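Notes for the one structure printed next.
Okay, here's the thing in structure tokens:
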């Protein structure tokens with residue numbers, strides 16, 4: 016017997032469960048998870064060897080595991096800034112166009128669901144699987160730290176680490192949404208994958224150079240204008256937003272982000288850590304930028320998807 | 414409940430680029446009837462179907478499916494109407510059971526009933542043994558049968574089948590047509606079937622509609638269409654032993670509407686009734702020897718060709 020009459024989100028749970036199952040059981044997710052675990056594990060191990068000597072001296076030992084590096088192994092944070100976008104892209108690049116390619120869209124949408132439920136279900140399924148992978152990684156790092164350093168983390172360290180988890184998740188979701196958008200506008204999965212990776216490379220490699228050129232063009236000889244312009248333009252890149260927010264939350268001694276003039280530092284207590292609330296306020300613009308970018312790109316994708324004909 | 418379960422009135426779809434995909438299409442589907450939508454690719458059949466399901470917005474016109482408006486209450490229609498799309502697609506990483514289980518979950522049935530319906534449908538479509546096989550191992554015919562299983566699972570009042578026999582071998586086509594007939598006869602469904610394989614459709618449809626360039630040119634039973642087009646629905650093929658002009662003899666026989674000589678010894682007569690005995694008698698009286706004489710009905714293909722020749726000539 017039918018249980019209910021149905022509402023706007025009828026079928027969302029069905030799509031969500033299927034997408035979550037597909038992602039968590041897919042070979043690409045398995046490969047990415049192993050890659051992240053291996054690289055992050057190596058990075059954390061190397062960092063733990065470095066901080067072992069500081070046990071008892073540093074109040075934020077656990078957090079330094081995320082940021083410390085030792086040549087040639089980069090820090091956990093640097094590795095995440097490379098690998099999390101890849102995970103987001105891997106989850107999103109064929110979300111919609113594969114439905115067209117497999118000719119499954121008319122079959123699914125002829126069931127009693129609204130068209131947007133499919134997109135919401137896909138997005139939520141990806142979000143949940145990414146959250147699960149990152150949470151596993153987060154727990155792995157915390158567990159590793161407790162096991163190797165023998166020091167239980169304080170409440171503040173856990174809070175900061177949780178906010179870092181949230182930032183990493185937002186960073187991953189932003190890249191997922193970018194890939195999802197390209198999977199809506201590109202008919203071929205290979206094209207959307209290529210465009211998403213090109214976008215990622217652009218922000219990682221070319222954008223800093225472009226920012227510099229633009230800053231010099233705008234600022235002329237005024238070094239303060241150049242620095243401020245460069246700082247503003249650089250923040251268009253998700254990588255910069257992620258790095259800034261992560262460093263500010265993982266390193267409590269970070270007191271400001273971007274350009275700081277000498278007169279602004281007058282009276283500041285250099286080297287002393289900020290309380291958690293103050294650090295959180297410091298990264299609030301970065302967090303809201305992530306939210307805004309995710310909502311904006313998803314909305315564009317949503318509008319395009321709703322206007323698309325379901326025929327191949 | 415009234416007999417007309419789909420009513421389409423002046424349905425029009427114009428795309429933003431100005432292309433008219435469907436132009437003032439009007440027709441009805443009656444209860445327990447198979448209605449064939451016939452026409453070449455791009456003639457507006459699938460666009461019409463998508464508008465019936467609420468999957469595409471109509472520019473103008475009205476549609477009522479089981480009393481519901483597809484734009485206002487698409488879910489009510491989708492609950493009661495099954496759709497088998499043209500070249501139906503399945504998730505290749507899932508098994509046949511998992512594929513239909515996914516779409517069946519949208520019906521909000523309890524687990525036991527869902528499982529029962531799926532198993533019954535898979536058995537009917539001879540796919541029960543393959544239920545755990547991945548779709549990537551399935552042939553085209555098996556996928557189409559799985560699509561029909563999905564149609565059955567929903568227990569719909571209406572089944573809409575878009576080119577269901579396309580790409581199937583003759584044996585599978587015959588099996589498919591039997592299944593479609595059983596939808597009407599055993600499951601009490603009304604069926605809307607779109608195709609360009611005319612002879613196949615003719616054998617199962619109660620009524621047909623001919624689509625061309627977005628317009629529904631005409632619709633009715635094959636008999637009605639042939640009478641409208643040719644003034645009759647019967648043809649008599651005659652083969653004589655010798656070359657002889659029999660047009661004068663035939664003209665005197667009541668019921669003949671058209672005489673056509675296809676070769677020196679072969680003739681075709683269009684008639685309003687069966688005049689074979691009168692024709693044979695007249696020929697024998699005139700000492701003419703007959704090789705064969707046979708009665709045929711106009712096929713859908715004849716009607717279709719004739720209609721589209723008229724359309725083409727009209728355009729020229």
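Chains as they are written, first to last, in the working numbering: chain A, 16 to 327; chain B, 414 to 729. Glycine included, C-beta positions come from ideal geometry on N, C-alpha and C. Just so we're clear, the structure is a prediction, and the values are computed from it rather than from any experiment.
| Query | Result |
| --- | --- |
| Beta-carbon of residue 126 (chain A) versus every beta-carbon of chain B: anything under 8 Å? | yes |
| According to DSSP, what are the bridge partners of residue 647 (chain B)? | B:684, B:710 |
| Specify, as a first and last residue, the run of the beta strand (DSSP E) that residue 607 (chain B) falls within. | 603-608 |
| Shortest alpha-carbon distance to residue 655 (chain B) belongs to which of B:679, B:632, B:550, B:622? | B:679 |
| Do residue 459 (chain B) and residue 426 (chain B) have their CB atoms nearer than 8 Å? | no |
| Taking Cβ to Cβ, would you say residue 570 (chain B) is nearer than 8 Å to residue 479 (chain B)? | yes |
| Counting only runs that start and end within the region 174-237 of chain A, where is the alpha helix (DSSP H) found for 4 or more residues in a row? | 204-216, 222-234 |
| Note down, in chain order, every chain B residue with its Cβ under 8 Å from the Cβ of residue 117 (chain A). | 502, 503, 504, 505 |
| Label residue 313 (chain A) either buried or exposed according to how many other C-beta atoms from any shown protein chain fall within 10 Å of its C-beta, with 16 as the threshold for buried. | buried |
| Residues in the region 483-497 of chain B with C-beta within 7 Å of chain A's C-beta atoms, listed in sequence order? | 488, 491, 492, 496 |
| Using a Cβ-Cβ cutoff of less than 7 Å, which residues in the same chain neighbour residue 592 (chain B) once the five nearest sequence positions on both sides are dropped? | 561 |
| Taking residue 88 (chain A) as the reference, give the member of A:321, A:107, A:64, A:100 with the closest Cα. | A:64 |
| Rounded to whole angstroms, what's the CA-CA distance from residue 16 (chain A) to residue 526 (chain B)? Just pull it up for me. | Reliability of the predicted coordinates at residue 16 (chain A) is poor, the pLDDT of 42 falling under 50, and no value is obtained from them. |
| How would you write the range of the beta strand (DSSP E) that residue 471 (chain B) sits in, first residue to last? | That residue, residue 471 (chain B), is in no beta strand (DSSP E); it is neither H nor E in DSSP. |
| What residue range is occupied by the uninterrupted alpha helix (DSSP H) comprising residue 493 (chain B)? | 487-493 |
| Since residue 33 (chain A) meets chain B, which of its residues come closer than 7 Å, beta carbon to beta carbon? | 515 |
| Between residue 153 (chain A) and the rest of its own chain, which residues show a CB-CB distance below 6 Å, the 5 nearest in sequence each way excluded? | 180 |
| On the DSSP bridge assignment, give the partners of residue 620 (chain B) in chain order. | B:448 |
| Counting only beta-carbon atoms, is residue 424 (chain B) nearer than 8 Å to chain A? | no |
| So, do the region 492-508 of chain B and the region 152-172 of chain A have three or more beta carbon pairs nearer to each other than 8 Å? | no |
| Taking the straight line between their C-alpha atoms, what separation do you get for residue 606 (chain B) and residue 589 (chain B)? | 12 Å |
| Going along the chain, which unbroken runs of the alpha helix (DSSP H) with 4 or more residues stay wholly within the region 60-112 of chain A? | 76-82, 91-107 |
| Looking at the strands, I want to know which residues DSSP matches up with residue 441 (chain B). | B:420 |
| I'd like the span of the beta strand (DSSP E) that includes residue 671 (chain B), first residue to last. | 669-676 |
| Exposed or buried, which one is residue 440 (chain B) when buried takes at least 16 other CB atoms within 10 Å? | buried |
| When you compare only the Cα positions, how much space is there between residue 166 (chain A) and residue 160 (chain A)? | 8 Å |
| Could you name the residues that DSSP lists as bridge partners for residue 572 (chain B)? | B:495, B:604 |
| Quick check: is the beta carbon of residue 518 (chain B) nearer than 8 Å to any beta carbon in chain A? | yes |
| Within the continuous alpha helix (DSSP H) that includes residue 309 (chain A), where are the two ends? | 291-322 |
| Could you tell me whether any Cβ in chain A is nearer than 8 Å to the Cβ of residue 743 (chain B)? | The question about residue 743 (chain B) has no answer, for chain B in this structure spans 414 to 729. |
| Return the chain-ordered list of same chain residues with a C-beta closer than 7 Å to the C-beta of residue 594 (chain B), the five sequence neighbours on each side being excluded. | 617 |
| Between the alpha carbons of residue 653 (chain B) and residue 704 (chain B), how many angstroms are there, rounded? | 5 Å |
| What distance in whole Å lies between the Cβ atoms of residue 421 (chain B) and residue 438 (chain B), which are believed to be in contact at a cut-off of 8 Å? | 6 Å |
| In terms of residue numbering, what span does the beta strand (DSSP E) encompassing residue 631 (chain B) cover? | 628-633 |
| Which class does residue 704 (chain B) belong to by DSSP, given the choice of helix, strand or coil? | strand |
| With the cut-off set at 8 Å, would you say residue 608 (chain B) and residue 443 (chain B) are in Cβ contact? | no |
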